[in-house]
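> Position 144 (the sequence shown) corresponds to 560 in our numbering; numbering is contiguous.
This structure is in structure tokens; I'll ask about it shortly.
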Amino acid sequence: MTATLATDPQAATAHPYWLLEQLRQDWPDHWPALIAANNARPPLALRINQQRLDREHYQSWLAQTGRLAAAVPEVPTALILDEPTEVTTLPGFADGWLSVQDAAAQLAAPLLELQAGHRVLDACAAPGGKTGHLLELEPKLDLIALDRDAGRLEQARDNLRRLQLTARLVAGDACRPADWWDGLPYDRILVDAPCSATGVIRRHPDIKLRRRDRDIAGLAAQQLAILASLWPLLRPGGRLLYATCSVLRRENEGVIAAFLEGHPDARERPILATWGHALPHGRQLLPGEANMDGFYYADLCKQAVISGI
């Protein structure tokens, strides 16, 4: 029995065969570390609300209460606690000084380079973690948080209330903007797309049991449909940030490549960063790197169409 466990890849890694094969194919130089990270205990990461205080002051305050936390160099708002704790007991939580959010997810809002007055759509927004971060970075946004699940939008409402921030919450399907869009174009769109969640397995081990290889093509088609549906809502010169918590190339650079091929007015902006891996399209952070979850980002800009004379 012991010999079988040692020689059976599925048993030895606690990952299904299809996922092991996909990770080996997509990340031939990194898959062993990726597997190990998936099976490791996830850290408790905090996002410090810099509208209230800076990270260093909060880190010092935690130390005075006997709690140690490490800064994430790549993410100026992120702290990782040495030991998990009940977040509601942390200083300032009830007053909106901090939120629980993995450092990788905290990369999204700064990538949009927000400015006061920007009209922003946070698509697939619930439960509102990134919505709150957008407003923490730039409170003077005209921000619409969209999600098809009205129940989960209530979680976003609760989070914003605790942070003392305001956005317009809209229950609607990103693939059916005619049902909810007011016709005014957006300067920025964040698409946190539904995905396989293979980048957050360490937080949700049941993903290994619930996901099947056959699911990925359907998810990629859904992701592409969301992009195609929301792209007309972006003004010329505006930017759309595509994000997933997947590490599978079919959902990430494969979706962006297909989108760019079908939309000549879309141009990709390279993400220049110290974190993750630059891909032919977008940038990928793998689980465990800098103690972060696995996330993918691609930054798209809409070009003005100049008609011929």
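Just so you know, even glycine gets a beta-carbon here, dropped at the ideal spot from N, CA and C.
Considering only DSSP beta bridges, list what Tyr602 is partnered with.
Within the sequence shown, residue 602 is the residue found at index 186, counting from 1. Beta-bridge pairing links Tyr602 to Leu650.
> Could you give the DSSP three-state label for Arg683: helix, strand or coil?
Counting from 1 along the sequence shown, the entry for residue 683 is found at position 267. In the structure shown, Arg683 sits in a strand (DSSP, three-state: E or B).
> Suppose you measure from the CA of Leu421 to the CA of Leu436; what does that come to, to the nearest Å?
Translated into the one-based positions of the sequence shown, residue 421 becomes position 5. Translated into the one-based positions of the sequence shown, residue 436 becomes position 20. The predicted model places Leu421 with a pLDDT of 49, which falls under 50 and marks its position as unreliable; any figure quoted below should be read in that light. Those two C-alpha atoms are separated by around 16 Å.
> Under the rule that 16 or more other beta-carbon atoms within 10 Å means buried, what is Thr423, buried or exposed?
Counting from one through the sequence shown, the residue named residue 423 turns up at place 7. Exposed is the call here.
> Apply the 10 Å Cβ neighbour rule to Leu551 and answer buried if 16 or more other Cβ atoms are within range, or exposed otherwise.
The residue labelled residue 551 in the question sits at position 135 within the sequence shown. Buried: at least 16 other Cβ atoms inside 10 Å.
> Report, in whole angstroms, the separation of the C-beta atoms of Leu528 and Leu495, which I expect to be a contact under 8 Å.
As a working mapping, residue 528 is identified with position 112 in the sequence shown. As a working mapping, residue 495 is identified with position 79 in the sequence shown. About 22 Å separates the two Cβ atoms, so there is no contact after all.
> Which stretch, first to last residue, makes up the beta strand (DSSP E) that contains Ser515?
As a first step, residue 515 is located in the sequence shown; it is residue number 99 there, counting from the start. Residues Leu514 to Val516.
> Suppose the cutoff is 7 Å on Cβ atoms and the five residues either side in sequence are ignored; what does the same chain contact list for Gly743 look like?
This structure gives no information on residue 743, because the portion of the chain shown stretches from 417 to 725.
> Leaving out five residues before and five after Lys556 in sequence, what residues of the same chain have Cβ atoms less than 7 Å from its Cβ?
As a first step, residue 556 must be located in the sequence shown, where it is residue number 140. Cβ within range, chain order: Ala532 and Gly533.
> Does the beta-carbon distance from Ala613 to Cys661 come in below 9 Å?
Numbered from its first residue, the sequence shown carries residue 613 at position 197. Numbered from its first residue, the sequence shown carries residue 661 at position 245. Closer than 9 Å, so yes.
> When you compare each of Ala590, Val503 and Ala714 to Val671 by their alpha carbons, which one comes out closest?
Locating residue 671 in the sequence shown gives position 255, counting from the first residue. Ranking the options by Cα distance to Val671, first place goes to Ala714.
> Taking just the CA atoms, how far does Ala637 sit from Asn668?
Counted from its first residue, the sequence shown places residue 668 at position 252. Counted from its first residue, the sequence shown places residue 637 at position 221. If I take the Cα positions, the gap works out to 11 Å.
> Would Ala694 pass as a contact of Cys717 if the rule is Cβ separation under 9 Å?
Looking up residue 694 in the sequence shown gives position 278. Looking up residue 717 in the sequence shown gives position 301. Result no, Cβ atoms of Ala694 and Cys717 do not sit closer than 9 Å.
> Based on the DSSP output, what are the partners of Tyr474 in its beta bridges?
Against the sequence shown, residue 474 aligns to sequence position 58. In the DSSP output, where bridge partners are listed per residue, Tyr474 has none listed.
> Indicate whether Trp596 and Val607 have their beta-carbon atoms separated by less than 9 Å.
Start at 1 with the first residue of the sequence shown, and residue 596 comes out as number 180. Start at 1 with the first residue of the sequence shown, and residue 607 comes out as number 191. Their beta carbons are not under 9 Å apart, which means Trp596 does not touch Val607 by this criterion.
> Tell me the DSSP bridge mates of Gln571?
Here the question's residue 571 lines up with position 155 in the sequence shown. Looking at the DSSP assignment, Gln571 forms no beta bridge with any residue, so it has no partner.
> Could you tell me if Glu502 is buried or exposed, where buried requires 16 or more neighbouring beta carbons within 10 angstroms of its beta carbon?
Residue numbering aside, residue 502 sits at position 86 when the sequence shown is read from its first letter. Glu502 should be labelled exposed.
> According to DSSP, is Gln466 part of a helix, a strand, or is it coil?
Along the sequence shown, one-based indexing puts residue 466 at 50. The answer is coil: DSSP assigns Gln466 none of H, G, I, E or B.
> Using the Cα positions of Asp470 and Asp498, report the straight-line distance between them to the nearest angstrom.
Here residue 470 is taken as the residue at index 54 of the sequence shown, counted from 1. Here residue 498 is taken as the residue at index 82 of the sequence shown, counted from 1. Rounded to whole angstroms, Asp470 to Asp498 spans 19 Å at the Cα level.
> Within 10 angstroms of the Cβ of Asp709, are there 16 or more other Cβ atoms? Answer buried if so, exposed if not.
Numbered from its first residue, the sequence shown carries residue 709 at position 293. The residue in question, Asp709, is buried, as its Cβ has 16 or more Cβ neighbours within 10 Å.
> When the Cα atoms are used, what is the spatial distance from Leu600 to Leu701?
For the purposes of this step, residue 600 is taken as the residue at position 184 of the sequence shown. For the purposes of this step, residue 701 is taken as the residue at position 285 of the sequence shown. Using only the alpha carbons, I get a separation of about 34 Å.
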